[in-house]
Structures are given as C-alpha cells and as structure tokens.
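A quick write-up on the structure given underneath.
Residue numbers (our numbering): 2 to 409.
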C-alpha cells in the first residue's frame, strides 16, 4: 500500500505508471512527511529493525528506518556484492568504519560480512581506534584485510610510514564513503606494499543498495544490484534519463526491497555516467563526483541545508546572498570552500567568515575532526561579487556544488 505521502504525491497519475512517469524525489516534502510523530511517509508502524541517523542538521536530525526483514535483505545482498568483489575464505578483517551515534557503516559492514558466503574472521576495531592499537591487532592476528574510509586508512598508513615500518601481510584495502585518488593509493602502497585498494561497494543509509565492485570495475566504477535496486542517471537540467555511455548526470535510485520507508527515484547525492551499453546485465557505471545534495570531504558531508541554515542566521550581516560549495583535491588532501556572493561590508568579512566556519563545524562535528591529522584542508570561506558564482550554462542557475576532484 502507498503511504499517505506517496498517495498525495502520485494523485492523478496512471494506475500502473512506468518509473519515468513518476516525479523525481522532492527533498523538502519527503523529510517533512518523515517525522517521528504523525509520520506520513512510512507505510506502517515500527515493530522491529534498525534506526539510523540520516542527513540533516544537528538541530533537525533525520532518521532512516529499516524493518528487520529489510535490514537483512540490505546486508544480505551487499554481502553477495562482497563475494563478487573477491572476498574469500580465511580473510582476517579489521572493520575500521565508524560506529555509534546512529551511524550505519560499521554495523552494516559487519552484518554484510556475516551474510557473505566466504568464511572470514572479523575484528570490530572501529574508525576511532588508535592507530597503534590497530597496528598491534594487524600483527597479533595476522590481519589480511582492512575495511574503512580512505581517511581512516590513510591515517593508519601515516602511522606506519612515520615509524619507518610496513605491514606486508595486509593484502586488501576495502574503502567506502569517499573516492580514492592516485597519490593516496601511492601513500597506502608505502605502508601496505602487498595490498590492493578497491571499493568495498556503493550504498547509503537513505538510498540503500547502489552498486558492487567486481574485477571488471576500474577506479570509481560499480555494477548495479539490478534485481534489488533500479539506478537511473538523470540529466541535471531537464530531469530526463540518460541512456548513452559517457554522459554525466545525477544518480537516482529506486529501492526494490524497502517497503516501510519507500525510496522511489531518490537522488543518491552523486554524479555518474554509464560505462556499458544499455541492456548489459548489472550495467556498470562510473562515479564522477558529488551532486548538489552533499559535498563530501573526508568522513563528513556538508549538505546544502547546513549552509543555507547557517547563512540564514547571518542574514543581518550578509544581506542578500547566494552560495555554492567547491570541492578540490590539492596537495594530496580534499579542500572544501563555501563561496558566498554577498554585499557584506569588506571590513566585517573576516569576522563573519570565522563565525560561519564555527557554526558549520557545530552542524557537522565530523568536519573539523580530520584537520589536525592533515587529512583534509580547513574549511574555507571565499567572498565573491554578486553574480560571481559558477553557473550551469544550460539553466543559468548557480551550481550548488562544483566538484573539481575528478578533473585534477
């Protein structure tokens, strides 16, 4: 049965529409319906399963909910993807993803490994484990595989490099949540000379299953879980599906296993292009940076609504404003810049920039965490003249995110 939200959303549509006849996800209305009381999005009450924190500001957290059956399907299918990616019997695995505070990645990977056919040994160390502790575990248990974000893996690599040591027994580095760049792979190779770095897979707490990595996939490529999720790549301007290879658009997903909190034509927050012709089984696609929904640096994502809320609190000083986020990869680290077009007084800009950065850090506490370890650059504010933001040449509208990392 449709939830009250979807009944209203699809009113007047054909009784058996094709997917492309349904409207694209509308973020504000979706989250307004997905409240904890008087919820209009869910199709029924919550009896069992898992609750995770999703996108949203600290003052207005959002939650993604899976029934027990849906959670088992999610992790079970992703476990199949791990097998397709080369997981084999006897791997000894350190889980270095983040845990607690309703984050999903750590327990998601743990449960997916449980479901995989391969018999493995897991050490649940977490992303906040001290590098020395992880290094001792690698030596004591003969660990062969490390699973975590690139930021966490690079922190551990730096620990070995600074000590003049290596971990030759580590054979696989499985990363997720961020892209991995060539010089980062070189750094990892210095610490883990026998290891291959590859994607653990592609998923998100809201969208669910998105893609798996196998031996045919190059950097940033994944294959669709076509029996369990429908991936579309959508033109940014007119919203039409892109079918040919090589043309970049927004990743949109329809989940086929989630019924309690349906996900239909939901933007995953990434740009991508098809790598194989239409009709190819589990058609392969390549990620091409972030879309306007979120700007990811290190383990943190700065959402459009985060910036809009903070700048709105500074409206008295800013006056009329527009903004965009720019992400670059320079000096072997990601750098996030919030570019603000405003007529704010020049004399007030330095203090105002400090205030904006401090409030954005408060909204996303994981954003400043990697800075002391030199894993990402500090958040920057750049002032531009009104009309000085980069625009989409087809629509004439300012781009909400300009992700330059795949151009560098």
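C-beta atoms are modelled at their ideal positions from N, C-alpha and C, and glycine is treated no differently.
The alpha helix (DSSP H) runs of length 4 or more contained entirely in the segment 181 to 235 are, from start to end of the chain, 183 to 192. Burial check for residue 21: the Cβ neighbour count within 10 Å stays below 16, so the residue is exposed. If you compare the alpha carbons of 70, 301, 256 with that of residue 177, the shortest gap goes to 301. Taking every protein chain shown into account, the CB of residue 245 has fewer than 16 other CB atoms within 10 angstroms, so this residue is exposed.
If you ignore the 5 residues before and after residue 380, its C-beta comes within less than 6 Å of the C-beta of 337, 358, all in its own chain and listed in chain order. In terms of Cα proximity to residue 227, the closest of 361, 371, 79, 191 is 79.
Under DSSP, the beta-bridge partners assigned to residue 94 are 123, 146. Collapsing the DSSP output to three states places residue 68 in coil. Taking the Cα of residue 4 as reference, the smallest distance to any Cα among 19, 39, 15, 25 is reached at 39. In this structure, DSSP gives residue 326 an extended state, which the three-state scheme calls strand. Excluding sequence positions up to five before and after residue 298, its CB lies within less than 7 Å of the CB of 328, 335, 337, 377, all in the same chain and listed in chain order.
Between the alpha carbons of residue 74 and residue 267 lies a gap of roughly 19 Å. Scanning 318, 325, 321 for the CA closest to the CA of residue 295 turns up 325. Taking each of 47, 52, 108 in turn and checking the Cα distance to residue 77, the smallest one comes out for 108.
Taken atom to atom, the span from the alpha-carbon of residue 240 to that of residue 25 is near 8 Å. DSSP places residue 152 in the helix class (H, G or I) of the three-state scheme. Within the model, the alpha-carbon separation for residue 87 versus residue 400 is close to 39 Å. In its chain, beyond the 5 residues on either side, 85, 86, 224 have a beta carbon closer than 7 Å to the beta carbon of residue 215.
Around the CB of residue 91, fewer than 16 other CB atoms lie within 10 Å, so the residue is classed as exposed. Taking C-beta separations shorter than 8 Å and ignoring five residues to either side along the sequence, the partners of residue 274 in its chain run 234, 243, 246, 247, 248, 249, 250, 286, 287, 289, following chain order.
Cβ-Cβ distances below 6 Å link residue 402 to 291, 293, 296, 326 in the same chain, with the five nearest sequence neighbours on each side left out; the list follows chain order. Contact between residue 128 and residue 153 holds, with the beta-carbon distance rounding to 5 Å and staying under 8 Å. Residue 34 and residue 168 have their alpha carbons spaced roughly 49 Å apart. The segment 344 to 352 makes no contact with the segment 301 to 310, as fewer than three CB pairs between them are under 8 Å. Considering only 340, 332, 312, the residue with the shortest C-alpha distance to residue 356 is 312. Spanning the alpha carbons of residue 16 and residue 31 requires a straight line of approximately 21 Å.
Cβ neighbours of residue 388 within its own chain (closer than 6 Å, five residues either side excluded): none.
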